[in-house]
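Mapped onto our numbering, the consecutive letters of the sequence shown carry residue numbers 186 to 392.
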Amino acid sequence: MGSIILLRRFLTFSLKSKPSYKKYIFFYDVLVYLIWILFIFLKVADVVNENIVIAGSVVLILLALLWEYLKNLFLGIIFAFQYGYILGNNLLVNGKEGKLVSYSSSYFEILTIKGERLKIKYKEVFRGSFELFKGNLKRVYSRIPINEKSNTKEIQLKIMNHPLFILNNNFDFFQESDGDGQRWFCFYFHVMDYKDAITINEYIDNL
186 MGSIILLRRF LTFSLKSKPS YKKYIFFYDV LVYLIWILFI FLKVADVVNE NIVIAGSVVL
246 ILLALLWEYL KNLFLGIIFA FQYGYILGNN LLVNGKEGKL VSYSSSYFEI LTIKGERLKI
306 KYKEVFRGSF ELFKGNLKRV YSRIPINEKS NTKEIQLKIM NHPLFILNNN FDFFQESDGD
366 GQRWFCFYFH VMDYKDAITI NEYIDNL
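Okay, structure coming up:
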């Protein structure tokens with residue numbers, strides 16, 4: 186155990202000057218998790234061979250107590266190999282959107298647009314919906330004056346059906362009035378980048 190910690194510190198010190206040193210440390214941690222799992226399996230097999238009744242009971246109890254953690258740990262290793270090092274990328278996990286800011290053995294953390302840090306267990310990625318967006322999403326905000334002929338439901342439907350519109354939990358359509366009594370149909374949502382924002386704003390201007 187001590188040698189693993191010392192090796193990690195050595196790697197951190199040696200690679201800290203490199204721009205992608207966090208990526209190397211990330212994969213080192215994944216490798217350590219794999220080694221620990223293999224070590225535990227070998228130890229359990231060795232103990233079971235000596236006294237199958239007692240050892241089997243102990244193993245079952247430990248599995249029951251640690252099952253949730255071990256399941257997320259194993260799924261985290263699969264996640265690491267499937268998606269690689271994606272720190273700083275925007276994610277959408279079961280309606281929760283944010284930037285991935287840290288990894289842990291059984292979960293990762295995302296920072297939402299509201300500044301909240303949410304812990305996402307790896308099982309949530311494989312149990313529900315998951316999307317990965319490269320780079321930062323672009324927020325679009327606009328408003329349209331409402332008159333007697335305005336059909337806000339139709340306008341909302343047209344915007345949401347646009348191929349550049351990203352359907353996540355960070356969009357809204359609402360109405361408000363200004364000091365002159367003018368009513369406005371307001372909305373905000375996300376697109377992939379600045380270029381998409383220009384394109385969809387031009388589309389909205391022609392509605």
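For every residue, glycine included, the Cβ atom is placed at its ideal position computed from N, Cα and C.
Does residue i pass the burial test, meaning 16 or more other C-beta atoms within 10 Å, or should it be called exposed?
i	result
F293	buried
F359	exposed
A249	exposed
L285	buried
L352	exposed
L227	exposed
L245	exposed
K306	buried
L260	buried
F416	Nothing about residue 416 can be reported from this structure: the residues present for the chain run from 186 to 392 only.
D381	buried
I385	buried
I295	buried
L322	buried
Say whether chain D places a C-beta atom closer than 8 Å to the C-beta of residue i.
i	result
N346	Judged by its chain identifiers, the structure shown contains no chain D, having just a single protein chain.
Just verifying my parser: in three-state terms, what is the DSSP assignment at residue i?
i	result
F359	strand
F224	helix
F350	coil
Please say whether residue j and residue i have beta carbons closer to each other than 8 Å?
i	j	result
Y288	F211	yes
H375	R302	no
L251	S290	no
I383	S327	no
T297	G280	no
I262	L219	yes
I329	F356	no
L392	K343	yes
I331	R368	yes
Give a yes or no on contact between the stretch 308–325 and the stretch 266–280, applying the rule of three or more CB pairs nearer than 8 Å.
yes
Only counting runs of 4 or more residues, tell me where the alpha helix (DSSP H) segments fall wholly within the stretch 248–334, in order along the chain.
307–312
Are the stretch 342–353 and the stretch 303–313 touching by the rule of at least three beta carbon pairs closer than 8 Å?
no
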